[in-house]
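Protein chains in written order, with the numbering used here: chain E, 1 to 251; chain V, 252 to 888.
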């Protein structure tokens with residue numbers, strides 16, 4: 001088809017967590033500009049399998065930008081060149097024929113590579129388990145409209161809660177800081193009356209777990225916000241810092 | 252085996268209360284002596300896991316993704332129904348019950364649907380208490396919107412991300428229990444078999460998707476919450492990883508499969524752009540409020556839409572259904588789009604699309620008003636297609652996005668295997684032959700938060716309180732079977748990839764068992780699937796080994812199961828000589844081309860029993876008796 005592209009890919013290949021990794025070069029031929037980036041990877045993988053080689057492992061699931069599973073570092077940017085877009089929603093029309101594209105996994109001590117472009121993000125799980133909830137049991141709750149919440153706060157809480165937990169913020173940060181991810185959850189509950197009772201413990205426990213997982217410090221570079229596919233704001237980090245300070249002062 | 256729905260007798264509104272009172276209880280100190288396995292962590296699985304752990308049971312959860320939060324419930328857009336009547340517009344539990352039953356074309360149980368409507372109000376309370384940021388009004392109370400089919404506003408929502416917010420709520424409740432040690436969460440694990448001991452479900456065999464290790468896990472009960480099986484069609488709105496494997500392997504161990512052919516096809520999705528495509532994206536149904544659907548009058552008219560004059564356009568829904576126009580129900584809009592394309596009047600490069608045109612709306616309302624209503628959807632469309640829908644009509648086409656069928660369950664959500672339960676989309680229960688919008692989230696959470704926690708105790712109370720051993724011959728045998736199958740897949744080393752087989756199967760399903768079905772087409776389709784399945788086991792190529800992260804091996808096992816399921820779906824469609832809801836048999840339509848239901852002969856649930864490899868399955872019937880509601884024919888002219 002006319003308008004189709006030929007690309008060169010430099011892809012990080014690593015057999016397992018403890019194996020030595022290296023870049024390998026592949027040709028992606030006859031790529032339609034209408035393909036998503038992951039569909040282009042599908043084509044490359046089909047060619048590799050047909051040629052008797054091992055296909056490239058990469059995480060993906062919903063392919064509509066909401067599950068947070070896909071996670072490629074493309075030409076030095078988390079989820080590639082576009083703003084507010086996950087890799088699965090990035091289309092090949094954002095590239096031009098003849099281009100060389102470098103594809104890496106998320107790089108962070110707390111996200112070890114499992115294979116090729118697949119990383120282990122269970123550190124995020126453990127942070128959520130440390131306090132990312134309101135302690136209410138099923139059934140023992142008041143009528144939904146017994147808890148009025150200002151529209152402003154509800155909308156703001158929603159924007160924080162829209163985080164998809166993909167880890168792009170960590171990958172984009174020179175210190176591999178998870179502050180944006182953690183602060184989004186802390187903010188959601190800090191903005192809502194439901195979160196008030198456990199406010200202090202939540203922020204202390206989640207931050208403590210974050211530190212234990214080996215994520216780095218925040219230096220206000222704001223790369224996380226720039227690369228976040230859901231455009232989670234760095235003001236969440238400021239709010240978490242206030243929450244943290246408040247919890248420390250009054251504990 | 253006779254199917255016993257265990258639906259309680261008595262007045263409709265009292266059934267669930269009476270039933271709850273009659274269920275056996277497990278005393279609090281004994282709950283910690285019971286282990287429960289939950290497979291799948293979407294709305295149904297995560298809510299069940301959290302609720303059961305809160306009660307004191309020991310829960311193990313399994314999901315194929317790297318986090319429970321990534322289950323495909325996350326992608327649900329529109330909202331969740333609940334009979335709160337916060338709008339004072341005449342809603343009630345009875346009205347939600349009635350709408351759901353009617354929407355399902357009277358192919359669901361009255362008792363189940365009434366219970367669903369009853370607990371819907373508790374779901375909203377629960378989610379709000381967890382901190383789910385629903386949309387609110389300026390006074391601080393919850394906002395609602397209306398949704399297709401209903402005449403009241405009962406849909407609660409969080410922008411276009413309601414599924415995400417509800418799942419993150421259930422996930423947070425789960426996380427709290429993981430922290431207490433009551434839930435052990437196994438991520439990147441895939442269940443590959445149910446283990447039966449003395450006729451009861453006693454555990455599962457799972458594969459660690461990172462190391463490839465095969466593991467045995469035992470429990471006193473197993474709950475499958477693994478979602479729908481629409482990916483048998485390949486191109487769908489499902490996540491790529493959504494699959495039938497867990498429920499199919501349970502089916503092969505004795506769980507009956509209910510109404511497998513009931514599939515919902517959503518009319519407004521972004522069409523296929525080429526052979527490379529891996530998934531279809533839904534565009535909210537709300538677009539049909541202001542968009543007009545049309546195709547060129549002439550066949551093969553490949554002018555740009557802007558260049559086709561008004562007189563040469565066919566606004567076919569407005570023409571055929573003058574009173575409902577572009578807002579006819581989903582099944583009708585889907586079928587008519589297909590008809591137009593079959594006539595050679597489809598648009599776009601593939602000819603498999605129709606226009607959804609906003610130019611009239613933009614002229615009438617102005618671009619900024621249209622943008623304020625649909626801006627995010629227009630952006631998404633542009634991102635995917637590279638076209639600007641403000642300037643040129645959208646192209647849309649129907650796509651598979653939900654399966655009403657699933658494992659047959661009784662009123663307690665137990666399958667025909669004692670101790671094996673199915674919740675959410677994985678069971679067949681509450682939507683009949685067609686699901687209403689905003690009801691999938693409701694059912695998943697109803698099952699997990701408010702039904703299973705009661706009903707599972709009734710079973711466990713009768714079970715011995717000692718740990719189930721994983722060293723029994725049954726576990727050993729089940730593990731061996733799983734390993735043998737994996738080895739077989741790896742050793743064939745043929746010429747065709749998993750991807751190629753899945754696409755081929757999807758095309759057969761779509762052409763023979765899609766939006767419109769007929770006897771000859773189904774019989775032909777069954778033969779094609781049989782041939783493809785035989786070829787699969789001779790010619791599949793799976794690279795790599797079993798003891799590593801091997802995504803092709805995972806997919807190969809799933810496609811093997813889809814190849815068996817597809818045939819059963821066609822058999823089910825073939826036996827149902829009527830049209831109802833999402834099941835449209837071309838032979839059974841009114842003179843106007845509408846679905847013709849046959850209540851005298853087909854008011855039953857078809858529950859299929861597996862009889863062995865390449866053996867015909869046996870159908871059992873559960874009669875659907877309507878005690879409280881009078882069935883009627885739907886009309887939209």
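Note that beta-carbon positions come from the ideal geometry of N, C-alpha and C, so glycine has one too. These numbers were taken from a predicted model, which means no experiment stands behind them.
Hey, would you say residue i sits closer than 8 angstroms to residue j, going by beta carbons?
i	j	result
residue 17(E)	residue 113(E)	yes
residue 133(E)	residue 426(V)	yes
residue 117(E)	residue 103(E)	yes
residue 26(E)	residue 43(E)	no
residue 648(V)	residue 691(V)	no
residue 698(V)	residue 664(V)	yes
residue 80(E)	residue 74(E)	yes
residue 756(V)	residue 773(V)	no
residue 464(V)	residue 57(E)	no
residue 495(V)	residue 813(V)	yes
Give me, in chain order, the residues of the same chain whose beta-carbon lies closer than 7 angstroms to that of residue i; leave out the 5 immediate sequence neighbours on both sides.
i	result
residue 868(V)	819, 822, 859, 860, 861 and 862
residue 422(V)	297, 319 and 320
residue 203(E)	186, 240, 243, 244 and 247
residue 830(V)	836, 839, 840, 846, 847 and 848
residue 754(V)	485
residue 538(V)	519, 607, 625 and 628
residue 272(V)	none
residue 120(E)	111, 112 and 114
residue 766(V)	516, 585, 586, 589, 649 and 835
Closer than 6 angstroms by C-beta to residue i: which residues in its own chain qualify, once you throw out the five before and the five after it? Chain order, please.
i	result
residue 397(V)	404
residue 629(V)	640
residue 92(E)	31, 33, 35 and 40
residue 223(E)	172 and 173
residue 1(E)	Unreliable positioning characterises residue 1(E) in this predicted model, as indicated by a pLDDT of 47, which lies under 50. The coordinate reading is nonetheless provided below. So the list is empty, once near-sequence residues are dropped.
Work out the CA separation of residue j and residue i for me, nearest whole Å.
i	j	result
residue 226(V)	residue 162(E)	Look at the range of chain V in this structure, 252 to 888, and you will see that residue 226(V) is not part of it.
residue 209(E)	residue 126(E)	7 angstroms
residue 584(V)	residue 430(V)	48 angstroms
residue 428(V)	residue 436(V)	10 angstroms
residue 578(V)	residue 84(E)	32 angstroms
residue 589(V)	residue 551(V)	15 angstroms
residue 515(V)	residue 353(V)	15 angstroms
residue 217(E)	residue 810(V)	45 angstroms
residue 454(V)	residue 673(V)	14 angstroms
residue 770(V)	residue 605(V)	27 angstroms
residue 892(V)	residue 800(V)	Because chain V is modelled from 252 through 888, residue 892(V) falls outside the range shown and cannot be assessed.
residue 280(V)	residue 716(V)	11 angstroms
residue 381(V)	residue 194(E)	7 angstroms
residue 758(V)	residue 569(V)	30 angstroms
residue 225(E)	residue 169(E)	7 angstroms
Taking 8 angstroms as the CB-CB limit, is residue i close to chain V?
i	result
residue 157(E)	yes
residue 183(E)	no
residue 112(E)	no
residue 29(E)	no
residue 25(E)	no
Leaving out the 5 sequence neighbours to the left and right, which residues in its chain are closer than 8 angstroms to residue i when beta-carbon positions are compared?
i	result
residue 260(V)	266
residue 384(V)	409 and 416
residue 151(E)	none
Tell me, please, whether the CB atom of residue i is closer than 8 angstroms to any CB atom in chain E?
i	result
residue 730(V)	no
residue 704(V)	yes
residue 379(V)	yes
residue 405(V)	no
residue 654(V)	no
residue 455(V)	no
residue 317(V)	yes
I'd like to know if the region 632 to 648 of chain V and the region 489 to 509 of chain V are in contact, where contact means that at least 3 CB-CB pairs between them fall below 8 angstroms.
At 8 angstroms Cβ cutoff, the stretches do not touch.
Can you find at least 3 beta carbon pairs, one from the region 166 to 184 of chain E and one from the region 224 to 236 of chain E, that sit closer than 8 angstroms?
Result yes; three or more Cβ-Cβ pairs closer than 8 angstroms.
Three or more C-beta pairs closer than 8 angstroms, one from the region 299 to 310 of chain V and one from the region 654 to 661 of chain V: is that the case here?
no
Quick check: the region 185 to 201 of chain E against the region 411 to 418 of chain V, are at least 3 beta-carbon pairs closer than 8 angstroms?
no
Using a Cβ distance threshold of 8 angstroms, determine whether the region 270 to 290 of chain V contacts the region 463 to 482 of chain V, with at least three qualifying pairs required.
Counting C-beta pairs closer than 8 angstroms gives three or more between the region 270 to 290 of chain V and the region 463 to 482 of chain V, which meets the contact rule.
Cβ contact (3+ pairs, closer than 8 angstroms) linking the region 724 to 742 of chain V and the region 790 to 803 of chain V
yes
For the region 676 to 692 of chain V against the region 717 to 725 of chain V, are there 3 or more C-beta pairs whose distance is under 8 angstroms?
no
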